[in-house]
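Once you know that position 155 of the sequence shown is 155 in the UniProt record's numbering, the rest is easy, because the numbers rise by one and skip nothing.
The beta-carbon is built from N, C-alpha and C at its ideal position, and this holds for glycine as well.
Notes follow the structure.
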Amino acid sequence: MNDFILFPPFPISFIPPPCISSSSQWEEISGVDEHYTPIRTFQVCNVMEYSQNNWLRTNWIPRQSAQKIYVELKFTLRDCNSIPLVLGTCKETFNLLYMETDEDQGSHFREHQFSKIDTIAADESFTQMDLGDRILKLNTEVREVGPVTKKGFYLAFQDVGACVALVSVRVYFKKCPFIVRNLASFPDTVPMDSQSLVEVKGSCVNHSKEEEPPRMYCSTEGEWLVPIGKCLCNVGYEDRGSSCQACRAGFYKSLLGNVQCSKCPPHSFTHHEGALHCGCEKNYFRADGDLPSMACTRPPSAPRNVISVINETSVILDWSWPEDTGGRKDVTFTVLCKRCRQGQRVCEACRSNVRFLPRAAGLQNTTVTVGDLLAHTNYTFEIEAQNGVSQLAPTMRQYAAVTITTNQAAPSPVTVIRKDRTSRNSISLSWLEPERPNGIILDYEVKYYQKQEQETSYTILRSKGCNVTLGGLKADTSYLLQIRARTAAGYGASSRSFEFETSPDCKYRSDPTILYTVEELMGKGVTLISIIVTDRFCGYSKSKQPDEKRLHFGNGHLRLPGIRTYVDPHTYEDPSQAVHEFAKELDASCIAIDKVVGAGEFGEVCSGRLRLPSKKEICVAIKTLKAGYTDKQRRDFLSEASIMGQFDHPNIIRLEGVVTRIARGTILVILAPHASFCLFSPGKPVMIVTEYMENGSLDSFLKKHDAQFTGIQLVGMLRGIASGMRYLSDMGYVHRDLAARNILVNSNLVCKVSDFGLSRVLEDDPEAAYTTRGGKIPIRWTAPEAISYRKFTSASDAWSYGIVLWEVMSYGERPYWEMSNQDVIKAVDEGYRLPPPMDCPAALYQLMLDCWQKERNNRPKFEQIVSILDKLIRNPGSLKITANTSSRYYTHLHLTFKLSTLTSESHPGSQHLIQVLYTSTFNLQALNPDL
Numbered sequence: 001m002n003d004f005i006l007f008p009p010f011p012i013s014f015i016p017p018p019c020i021s022s023s024s025q026w027e028e029i030s031g032v033d034e035h036y037t038p039i040r041t042f043q044v045c046n047v048m049e050y051s052q053n054n055w056l057r058t059n060w061i062p063r064q065s066a067q068k069i070y071v072e073l074k075f076t077l078r079d080c081n082s083i084p085l086v087l088g089t090c091k092e093t094f095n096l097l098y099m100e101t102d103e104d105q106g107s108h109f110r111e112h113q114f115s116k117i118d119t120i121a122a123d124e125s126f127t128q129m130d131l132g133d134r135i136l137k138l139n140t141e142v143r144e145v146g147p148v149t150k151k152g153f154y155l156a157f158q159d160v161g162a163c164v165a166l167v168s169v170r171v172y173f174k175k176c177p178f179i180v181r182n183l184a185s186f187p188d189t190v191p192m193d194s195q196s197l198v199e200v201k202g203s204c205v206n207h208s209k210e211e212e213p214p215r216m217y218c219s220t221e222g223e224w225l226v227p228i229g230k231c232l233c234n235v236g237y238e239d240r241g242s243s244c245q246a247c248r249a250g251f252y253k254s255l256l257g258n259v260q261c262s263k264c265p266p267h268s269f270t271h272h273e274g275a276l277h278c279g280c281e282k283n284y285f286r287a288d289g290d291l292p293s294m295a296c297t298r299p300p301s302a303p304r305n306v307i308s309v310i311n312e313t314s315v316i317l318d319w320s321w322p323e324d325t326g327g328r329k330d331v332t333f334t335v336l337c338k339r340c341r342q343g344q345r346v347c348e349a350c351r352s353n354v355r356f357l358p359r360a361a362g363l364q365n366t367t368v369t370v371g372d373l374l375a376h377t378n379y380t381f382e383i384e385a386q387n388g389v390s391q392l393a394p395t396m397r398q399y400a401a402v403t404i405t406t407n408q409a410a411p412s413p414v415t416v417i418r419k420d421r422t423s424r425n426s427i428s429l430s431w432l433e434p435e436r437p438n439g440i441i442l443d444y445e446v447k448y449y450q451k452q453e454q455e456t457s458y459t460i461l462r463s464k465g466c467n468v469t470l471g472g473l474k475a476d477t478s479y480l481l482q483i484r485a486r487t488a489a490g491y492g493a494s495s496r497s498f499e500f501e502t503s504p505d506c507k508y509r510s511d512p513t514i515l516y517t518v519e520e521l522m523g524k525g526v527t528l529i530s531i532i533v534t535d536r537f538c539g540y541s542k543s544k545q546p547d548e549k550r551l552h553f554g555n556g557h558l559r560l561p562g563i564r565t566y567v568d569p570h571t572y573e574d575p576s577q578a579v580h581e582f583a584k585e586l587d588a589s590c591i592a593i594d595k596v597v598g599a600g601e602f603g604e605v606c607s608g609r610l611r612l613p614s615k616k617e618i619c620v621a622i623k624t625l626k627a628g629y630t631d632k633q634r635r636d637f638l639s640e641a642s643i644m645g646q647f648d649h650p651n652i653i654r655l656e657g658v659v660t661r662i663a664r665g666t667i668l669v670i671l672a673p674h675a676s677f678c679l680f681s682p683g684k685p686v687m688i689v690t691e692y693m694e695n696g697s698l699d700s701f702l703k704k705h706d707a708q709f710t711g712i713q714l715v716g717m718l719r720g721i722a723s724g725m726r727y728l729s730d731m732g733y734v735h736r737d738l739a740a741r742n743i744l745v746n747s748n749l750v751c752k753v754s755d756f757g758l759s760r761v762l763e764d765d766p767e768a769a770y771t772t773r774g775g776k777i778p779i780r781w782t783a784p785e786a787i788s789y790r791k792f793t794s795a796s797d798a799w800s801y802g803i804v805l806w807e808v809m810s811y812g813e814r815p816y817w818e819m820s821n822q823d824v825i826k827a828v829d830e831g832y833r834l835p836p837p838m839d840c841p842a843a844l845y846q847l848m849l850d851c852w853q854k855e856r857n858n859r860p861k862f863e864q865i866v867s868i869l870d871k872l873i874r875n876p877g878s879l880k881i882t883a884n885t886s887s888r889y890y891t892h893l894h895l896t897f898k899l900s901t902l903t904s905e906s907h908p909g910s911q912h913l914i915q916v917l918y919t920s921t922f923n924l925q926a927l928n929p930d931l
């Protein structure tokens, strides 16, 4: 706070008012104070005369920008009782007055033109004895004038019979001085009035940018209060007190912010100021993904100590790490294979069918196996070490080379066999030569036996060519056959077992068929869409081959294999048909009911056990339909099973089956005394059986274990929910009621999406659902377009996921707290969004805000949500940055400010500064969160 003097210490003129004698007016007297310092005073002491009216007026004072003026008076006043033989009327007060004008009026004035400010009285007066002892009892009084609106004003001092001396008159106004706070400059600011703060917007200093618009408030006392927002130094500049200055040579700063410049990392430099990054020294490089804080590096040296171990037509290569890795840890190895023919100076690249295990490039270990080479062939292998900057320095490439010669190898297996002719007792076969004979094939060995004998008795034939006829076989019998080729290196591996059958006792027709193994077809790039089974009866012809295999569903729905699409069970004329199409009918005798664990809309929910033939007993949840249900209730109840039965995902509740009928004589096993609540009408039993989730609903589970999980555990739960919703979205299913209460948690903290009913009462609370035409809507979880226009899409499910995310991070807190549904609708429509829960990571709160975008096309897809959560799980450090809680809603907020002495350049002519050091506490009710 600064006080600015409006005129020099003694600009006071003696102006005799009209009709008043000047012989008894104020007099200018020179003297000394108690320290013998020369001073000048204006004095008057005409107490011996009656009817005193002595005026003293200042020169015209321009008000500048002031609206409220302060007048400080220092004066002495004599006690009337200490004056002997007073003839007139003695006073111990005098009057302070002022007059506003737009220009200097000179010496012309009238008393009535002045307005009285106050009557000035002394706190202490002096006596004759005090004068003898030279004790000055100086009084100081400050008075406030304003608001002043004209260009200037006069002050006047009226004596009506006192013995008074004016020692000093100081006229000033208060303003908030120029200041730099958080790298934002705030100009001199004069308070507007005496009742409110003045909001002042700051300007970022040179070489800085706004992070949040800087603001401060100027108080009526000339004090700066409530700093908000700040500026950040540009890249290449650092915060040095109240300014951003360029980084020195040899230093850099690549990010916007108020961190200090960093010294150039090893093998880098900068010779100029304000560097954003440091350049690399010669033969050193920085990869695209390297941070500016990383040292410059270079390619590694060549691998060392290469060893080769040859095994026929394969070789194992092993080597040691380079002596110099170039200063990086991302070293990998690439192996280049070259075939060198005799008489050729330049080797050629190996064939594409040469196999590298695990691979040829990007190796992180120092060994590789190379297979499928040619026998008796020279090869050269070049092993190069690479790192993140190798591509930037191709001339610095270094590698180690090794030359080997492969041995003679056995042939590869026979893969293609043709059945040429079949009879009751014989079969004629032919086959193709192995893909890699690895030499001259001397003959083939054919081994065959009856399938039912399982190789306990077999027959071996040898053939010089690629065909053979097997005789002496049994009619209508299955045989298994294997073939292997032999060269000078010996026998190769046997082919896979091929199955064929002899003909029954009837006329046959020739039907050559080429048999392939699945592995061979996949190796040739053939996509297996369907399997065509050969007719085993006589008289079979190709005209009887079935068409391409398709999976047919009821009510005209059709799906090709491998394509999963959700089918709405309500499109079936008979919903029970959908139940039997998508859900498995269970035998009620396999179910044992243990106890009641909850209540659903249609009946009780029990826990129990399911024991199916030849399977292990498992725990299950059993939803029952209460007695007296209507046909519509039964259809609605089973529609959920029809929906669940179409899903198969680890984060979707698994349907074990349904019970819609009980055979006569079936007895349900009831173990718990309260399980009788799970009983249903014997005439029309209906149950839905799902997997059992030990920890129940997610909202209740979180409330029970408040603040007991790590951030990674919570993100893992959220990732499971998002994965399940991604699956549903890909299936074309819109959930419409995604909320923490509809997420179930098992003993391993795996979260699974459940509750696929489309129209139901969501909670006992009448405000939990907002009824519109077409059913009830969970307002607190539903996107605005779904509330207003019933536009339910995967994007509206993404909005609901954002609310679930908020529920998880707040450990089951109720969204929007106790606000009514109508208030929630209005607030969301006006742009209000839930604030971050306590200690919520900033990345997760940003994901919430993205899910709550008003424009649904701007919301992230569930595939993107899963990707975001995966990145957070891989980088747990990012969860330590918490969201800014300034947007939280407060009803009471206490702010404490410590205001210290503010120094600034004084106004010309001013040598005065009020020093203030105190603490002010403000209790702000319903503070605007933006403050």
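Residue j beta carbon less than 8 Å from that of residue i
i    : j    : result
M717 : L749 : yes
V71  : L96  : yes
P62  : K150 : no
F237 : A249 : For clarity, residue 237 is Tyr in the given sequence; the question names Phe instead. Result no, Cβ atoms of Y237 and A249 do not sit closer than 8 Å.
V180 : V205 : yes
N425 : A489 : no
C261 : F251 : yes
P322 : S293 : no
W26  : Q52  : no
Where the alpha helix (DSSP H) through residue i begins and ends
i           : result
residue 938 : For residue 938 there is no data in the structure shown, the boundaries of the chain being 1 and 931.
V808        : S794 to M809
S729        : G711 to M731
Burial state of residue i, where buried means 16 or more other Cβ atoms lie within 10 Å
i    : result
V804 : buried
K880 : exposed
C619 : exposed
R661 : exposed
N387 : buried
D839 : exposed
Y50  : exposed
L317 : buried
G877 : exposed
W817 : exposed
From the options, residue whose alpha carbon lies closest to that of residue i
i           : options                   : result
S107        : R57, K116, V659 and C204  : R57
P569        : I618, S390 and D636       : D636
N742        : M731, Q158, D829 and M725 : M725
A165        : V446, S51, E210 and T93   : T93
E694        : I652, A621 and L872       : A621
Y399        : T334, Y449 and V416       : T334
residue 934 : H580, K626 and M687       : The requested residue 934 is not part of the displayed model; the chain covers only 1 to 931.
V226        : E211, N182, I593 and E273 : N182
A493        : E499, I483 and T502       : I483
Q577        : L625, T630 and S639       : S639
F381        : S308, S412, T395 and P394 : S308
Host beta strand (DSSP E) of residue i (start-end)
i    : result
E785 : No beta strand (DSSP E) holds E785; the alpha helix (DSSP H) holding it covers P784 to Y789.
N54  : N54 to T58
Q450 : D443 to Q450
L96  : T93 to T101
I591 : I591 to A599
Cβ distance (whole Å) where residue i is taken to contact residue j below 8 Å
i    : j    : result
I712 : I779 : I712 to I779, Cβ: 32 Å. No contact.
A641 : A583 : 5 Å
E656 : E617 : Their Cβ separation, rounded to whole angstroms, is 12 Å, which puts E656 and E617 out of contact at 8 Å.
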